[in-house]
């Protein structure tokens, strides 16, 4: 396949693939928005693969810990699967903490190297709000010393320097946030086709 035109040798064309990568602190709303966004795209006829960080850890990265190296391996696995989906004209919607810039940059490079579009969505929800939400009780455990190496508490989260979208989910509802992501998706996909 010629990645610049998305034409196969036999002349058949495929839709340009896209990876939408939601990143942010635990409890920022990544999975909620990713699922809602994927659902919207499916109603509009796009093939969508949802790659949720928790599910990937269970099925593809089982056995990895939470060291920086293990976290990077997990993110690169998500990126590799997402790039394969996009290479075949699909849309991969990823929801992962992805705390380190370098790993996210490697995913972006992986996606762009195959001619697909990469859209990074940074959920900039303040840690105070994420801790109030704390759907799994992890912040409470980390603050109490029962969990160590927890992103945002005693392990860093490196915010993206230039995301396509930055959203504070404490200031907008799910529908409004999904609309912002969809508008950027449509604009970016159209501009780069």
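Numbering (the numbering used here), first residue to last: 920 to 1112.
Don't be surprised by glycine CBs; every beta carbon is placed ideally from N, CA and C.
Since the structure is predicted, the reported quantities are computational estimates derived from the model, not experimental observations.
Open item on the list: Check for me: the alpha helix (DSSP H) holding residue 1013 runs from which residue to which?
Closed with: That residue, residue 1013, is in no alpha helix (DSSP H); its beta strand (DSSP E) goes 1010–1014.
Open item on the list: Out of 968, 1023, 1038 and 984, which one is the CA nearest neighbour of residue 1004?
Closed with: That would be 968, whose Cα lies nearest to the Cα of residue 1004.
Open item on the list: Can you tell me whether residue 1088 is buried or exposed? The criterion is at least 16 other CB atoms within 10 Å of its CB, across all chains shown.
Closed with: Burial call: buried.
- [ ] Evaluate contact between the segment 1048–1056 and the segment 1025–1039, counting only Cβ atoms and requiring at least three cross-stretch pairs below 8 Å.
- [x] No: the two stretches stay apart, fewer than three of their Cβ pairs being nearer than 8 Å.
- [ ] Within the same chain, show all residues whose beta-carbon is closer than 6 Å to that of residue 1019, passing over the 5 residues directly before and after it, in chain order.
- [x] Around residue 1019: 1077.
Open item on the list: Suppose you measure from the CA of residue 1093 to the CA of residue 1012; what does that come to, to the nearest Å?
Closed with: Straight across, the Cα-Cα distance linking residue 1093 with residue 1012 is about 16 Å.
Open item on the list: Assuming the contact rule is C-beta atoms closer than 8 Å, residue 1009 and residue 936 should be a hit. Round their C-beta distance to whole Å, please.
Closed with: Confirmed, Cβ separation roughly 6 Å.
Open item on the list: Going by C-alpha to C-alpha distance, which of 974, 960, 1080 and 1034 sits closest to residue 943?
Closed with: Nearest option by C-alpha distance: 1080.
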